[in-house]
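Report on the following structure.
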């Protein structure tokens with residue numbers, strides 16, 4: 001959970017911070033509540049950018065569309081998508097509940113039953129877009145249902161294009177991913193597969209079925225759209241005042257993170273200062289920087305990073 | 001469930017039959033019991049060849065080895081492997097039970113708990129081989145655990161080779177699949193992903209991690225080893241008597257099946273006669289044969305196929 005610090009030029013004593021993570025599966029409000037409890041200080045939801053937060057930007061296009069939402073346990077991501085404002089949501093659990101034969105060999109036995117009338121109605125409407133909000137809890141089922149939509153006739157689940165059309169026409173619906181991470185770290189000694197690996201499987205099967213490359217959009221660090229979204233969040237917290245010349249000043253932003261490929265790569269290419277801690281994905285015995293994505297500075301832990309930043313900022317004054 | 005018919009040259013009135021299927025997940029005895037009930041006639045287990053039946057041939061090599069067995073719900077494939085004679089079996093459920101962090105996001109909540117002492121011991125021994133006995137019920141978990149073994153240091157789960165070794169050394173353990181089917185048919189209007197698609201994902205991730213192609217062995221129709229195994233089963237049911245010249249006569253075998261790519265392709269390339277029914281994967285409105293794997297004859301259904309065979313055989317006499 002990297003920490004992003006900046007301050008408004010109108011109030012130089014007030015350092016602002018946000019949390020920018022490739023995690024998700026809960027709302028920003030829920031995550032803020034979890035962090036407030038963990039740190040013992042109140043953290044407001046407008047300081048939280050989750051992997052799927054930038055998917056709010058898809059709302060104008062898909063507000064009234066029928067969206068297949070993948071990821072998370074039970075209906076957690078349905079709730080997030082509803083909170084974002086999407087009106088018609090279908091989940092693989094619901095498709096599976098309506099048609100058990102869609103995925104006959106699966107552990108998913110906690111699928112909703114019976115489905116509400118409006119859930120059933122959306123399950124039977126053509127899918128307009130697939131959005132992967134979080135890690136899949138059942139790859140076999142979710143790969144199947146996502147690909148069913150991608151190769152269907154016009155998004156209608158239970159149909160498939162003719163073999164000629166499969167090879168010559170564009171994929172039936174667009175697909176969005178919230179997080180590009182191939183692997184992520186937890187307490188297991190070897191990194192675990194993330195949403196990027198799920199996408200890799202999906203692309204491979206799509207290529208086999210159609211001979212074509214899957215077209216997709218990915219959000220999350222180190223992707224540019226996520227940093228642009230983070231900028232819009234910082235704009236609200238620490239508005240920039242135009243200089244007398246009318247020019248908008250450059251904001252100084254410090255990103256503290258543990259993952260060179262996500263946190264440091266993203267911050268560096270977005271023109272932010274980057275602080276790499278040694279308590280997560282990146283480990284080093286000395287103070288050597290990362291060989292591919294070197295940070296502005298390598299520090300022991302978050303507290304050290306904050307100290308480093310404050311020292312640098314105070315030297316400016 | 002294709003039907004294979006033959007007869008012994010020593011007893012021309014006695015047509016023998018076996019069932020040769022890419023299904024599995026239960027023992028041959030259990031499948032025989034299910035079919036006996038379904039058809040209302042006693043069918044003995046020695047007439048059943050399941051996708052994993054030829055994996056009995058791996059027993060001499062792996063009897064005392066530590067085998068990671070993938071596929072099927074709960075411990076169904078563990079039971080089959082035990083029945084075949086494998087002494088040390090580890091399943092992904094057991095790995096997950098011992099180390100929940102191996103696959104933190106998963107529905108598999110019916111994992112065995114607590115593990116028996118000998119299960120725990122095998123979970124901690126290096127894996128010697130991976131055997132996919134049946135369709136995975138949790139692709140995310142099973143891809144993770146299988147790949148953990150394939151890129152581990154000497155088969156030890158929880159270790160991973162150094163990045164240089166990953167690219168330059170051979171995969172850590174061999175892997176066997178019981179069934180090559182990319183898709184299979186059930187009542188859903190579009191074919192469902194089978195073990196072949198699971199393998200496709202596994203190969204893709206392995207390639208990403210190592211830069212190398214996965215080496216593997218596959219059993220099941222239309223693979224040659226499965227037909228050789230079926231021959232050995234037919235040998236027991238309908239022994240061939242040597243001709244006066246000492247020559248072993250050619251056996252006439254009829255294979256009735258619905259899948260051109262598995263049943264008909266396999267039978268044709270093994271020198272068997274093939275009868276393609278129109279009640280399963282293959283559908284046609286007229287009597288047109290399959291364009292890639294044409295059968296000896298196309299018939300409406302199994303009864304028609306048997307009639308066709310008997311007519312042909314009686315004409316010989």
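Protein chains in written order, with full-length UniProt numbering: chain P, 1 to 317; chain B, 1 to 317.
Glycine included, each C-beta is placed from N, C-alpha and C at the ideal position.
Flag residue 192 of chain P as yes if its beta-carbon sits less than 8 Å from any beta-carbon of chain B, otherwise no.
-> Taking the first residue of the first chain as 1, we reach residue 192 of chain P at position 192. Chain B, which has a Cβ nearer than 8 Å to the Cβ of residue 192 of chain P, makes this yes.
Pull up the distance between the alpha-carbon of residue 148 of chain B and that of residue 19 of chain B, whole angstroms please.
-> By 1-based counting over the second chain, the position of residue 148 of chain B is 148. By 1-based counting over the second chain, the position of residue 19 of chain B is 19. If you take the alpha carbons of residue 148 of chain B and residue 19 of chain B, they lie about 36 Å apart.
Quick one: which residues of the segment 204-225 of chain B get their C-beta closer than 7 Å to a C-beta of chain P? List them in chain order.
-> 204, 205 and 208
Please compile the residues from chain B whose C-beta is within a distance smaller than 9 Å of the C-beta of residue 158 of chain P.
-> Mapped onto the first chain, residue 158 of chain P falls at position 158. Per Cβ cutoff of 9 Å: 188, 189 and 190.
Cβ shell of residue 256 of chain P (< 7 Å), same chain only, five flanking positions each side left out | As a working note, residue 256 of chain P is residue 256 in the first chain. Closer than 7 Å at Cβ, skipping near neighbours: 2, 3, 275, 277, 302 and 305.
Which residue's Cα is closest to the Cα of residue 293 of chain B: B:264, B:280 and B:309?
-> Translated into positions along the second chain, residue 293 of chain B becomes position 293. Checked all of B:264, B:280 and B:309; the closest Cα to residue 293 of chain B is B:264.
Flag this pair as touching only if the segment 200-209 of chain P and the segment 108-127 of chain B have three or more C-beta atom pairs under 8 Å; answer yes or no.
-> no
Does any C-beta atom of chain P lie closer than 8 Å to the C-beta of residue 292 of chain B?
-> Taking the second chain and counting its residues from 1, one reaches residue 292 of chain B at position 292. No, residue 292 of chain B lies away from the interface with chain P (no Cβ there is under 8 Å from its Cβ).
Can you say whether residue 135 of chain B is buried or exposed, counting buried as having 16 or more other CB atoms within 10 angstroms of its CB?
-> By 1-based counting over the second chain, the position of residue 135 of chain B is 135. Flag for residue 135 of chain B reads buried.
Does the segment 234-250 of chain P come within contact of the segment 31-42 of chain P, defined as at least 3 CB pairs closer than 8 Å?
-> no
Between the CA atoms of residue 94 of chain P and residue 115 of chain P - distance to the nearest angstrom = In the first chain, the residue the question calls residue 115 of chain P occupies position 115. In the first chain, the residue the question calls residue 94 of chain P occupies position 94. If I take the Cα positions, the gap works out to 7 Å.
Using alpha carbons as the reference points, say which of P:143, P:232, P:151 and P:196 lies closest to residue 128 of chain P.
-> Counting from 1 along the first chain, the entry for residue 128 of chain P is found at position 128. With distances taken between Cα atoms, residue 128 of chain P lies closest to P:151.
Can you list the beta strand (DSSP E) stretches of 3 or more residues lying completely in the segment 103-174 of chain B, in chain order?
-> 129-132
Assigned secondary structure, residue 3 of chain P (DSSP; H/G/I helix, E/B strand, else coil) = Locating residue 3 of chain P in the first chain gives position 3, where the first residue counts as 1. Residue 3 of chain P falls in the strand class under three-state DSSP.
What residues in the segment 46-79 of chain P have a beta carbon less than 8 Å from any beta carbon of chain B?
-> Within the segment 46-79 of chain P, the qualifying residues are 73.
Runs of beta strand (DSSP E) wholly within the segment 257-303 of chain B (minimum 3 residues, chain order) | 273-277 and 297-299
So what's residue 86 of chain B in DSSP terms, helix, strand or just coil?
-> For the purposes of this step, residue 86 of chain B is identified with residue 86 of the second chain, where counting begins at 1. Correct three-state label for residue 86 of chain B: coil.
What residue ranges within the segment 2-74 of chain P form continuous alpha helix (DSSP H) runs of no fewer than 4 residues, ordered along the chain?
-> 28-39 and 59-62
Assign residue 44 of chain B to one of two classes, buried (16 or more other C-beta atoms within 10 Å of its C-beta) or exposed (fewer than that).
-> Residue numbering aside, residue 44 of chain B sits at position 44 when the second chain is read from its first letter. The residue is exposed, with fewer than 16 neighbouring Cβ atoms inside 10 Å.
Around the Cβ of residue 42 of chain P, are there at least 16 other Cβ atoms within 10 angstroms (buried) or fewer (exposed)?
-> By 1-based counting over the first chain, the position of residue 42 of chain P is 42. Residue 42 of chain P is classed as exposed because its beta carbon has fewer than 16 other beta carbons within 10 Å across all chains shown.
Using a Cβ-Cβ cut-off of 8 Å, state whether residue 256 of chain B counts as contacting chain P.
-> In the second chain, residue 256 of chain B corresponds to position 256, counting from 1. Answer no: the Cβ-Cβ gap between residue 256 of chain B and chain P never drops below 8 Å.
In whole angstroms, what separates the C-alpha of residue 39 of chain P from that of residue 48 of chain P?
-> Taking the first chain and counting its residues from 1, the one referred to as residue 39 of chain P is at position 39. Taking the first chain and counting its residues from 1, the one referred to as residue 48 of chain P is at position 48. Distance between the alpha carbons of residue 39 of chain P and residue 48 of chain P: 14 Å.
Indicate the three-state DSSP secondary structure (helix, strand or coil) for residue 80 of chain B in the structure shown.
-> Residue numbering aside, residue 80 of chain B sits at position 80 when the second chain is read from its first letter. Note: residue 80 of chain B maps to helix in three-state DSSP.
If we call anything under 8 Å between Cβ atoms a contact, is residue 69 of chain P one with residue 133 of chain P?
-> As a first step, residue 69 of chain P is located in the first chain; it is residue number 69 there, counting from the start. As a first step, residue 133 of chain P is located in the first chain; it is residue number 133 there, counting from the start. Cβ atoms of residue 69 of chain P and residue 133 of chain P: closer than 8 Å.
How many Å lie between residue 12 of chain B and residue 300 of chain B at the Cα?
-> For this step, residue 12 of chain B is matched to residue 12 along the second chain. For this step, residue 300 of chain B is matched to residue 300 along the second chain. For residue 12 of chain B, the pLDDT reaches just 48, beneath the cut-off of 50, and the residue's location in the model is therefore unreliable, although a value from the coordinates is still provided. Answer to the nearest angstrom: the Cα atoms are 27 Å apart.
What in chain P is Cβ-close to residue 23 of chain B, meaning under 7 Å?
-> As a working mapping, residue 23 of chain B is identified with position 23 in the second chain. Result: empty, since nearest Cβ-Cβ is about 11 Å, beyond 7 Å.
Where residue 190 of chain P falls: helix, strand or coil (DSSP) | Within the first chain, residue 190 of chain P is the residue found at index 190, counting from 1. Residue 190 of chain P: coil per DSSP, three-state reduction.
Thinking C-beta only, is residue 179 of chain B closer than 8 Å to residue 22 of chain B?
-> Taking the first residue of the second chain as 1, we reach residue 22 of chain B at position 22. Taking the first residue of the second chain as 1, we reach residue 179 of chain B at position 179. Yes, Cβ-Cβ distance for residue 22 of chain B and residue 179 of chain B is below 8 Å.
Residue 286 of chain B Cβ short of 7 Å to the ligand FMN heavy atom set | The ligand FMN is absent from the structure shown, which contains no ligand whatsoever.
Around the C-beta of residue 279 of chain P, are 16 or more other C-beta atoms found within 10 angstroms, so that it is buried, or is it exposed?
-> For the purposes of this step, residue 279 of chain P is taken as residue 279 along the first chain, with counting starting at 1. That one is exposed.
Give the interface partners of residue 229 of chain B over in chain P, defined as CB-CB distance under 8 Å, in chain order.
-> Taking the second chain and counting its residues from 1, the one referred to as residue 229 of chain B is at position 229. Going along chain P, no residue has its Cβ under 8 Å from residue 229 of chain B, so there is no contact; the nearest lies around 24 Å.
Quick one, which residues of the segment 123-151 of chain P are near chain B if we go by CB-CB under 9 Å, in chain order?
-> 134, 135, 136, 137, 138, 139, 140, 141, 142, 143, 144, 147, 148 and 151
For residue 322 of chain P, does the three-state DSSP call read helix, strand or coil?
-> With chain P represented from 1 up to 317, any question about residue 322 of chain P goes unanswered, as that position is not in the structure.
Taking Cβ-Cβ distances below 8 Å as the criterion, which residues of the segment 84-108 of chain B are in contact with chain P?
-> 99, 101, 102, 103, 104, 105, 106, 107 and 108
Just checking my contact of residue 214 of chain P with residue 166 of chain P at CB under 8 Å: how many whole Å lie between their CB atoms?
-> Stepping through the first chain from its first residue, residue 214 of chain P is reached at position 214. Stepping through the first chain from its first residue, residue 166 of chain P is reached at position 166. In fact, because the Cβ distance is near 13 Å, the residues do not count as touching under 8 Å.
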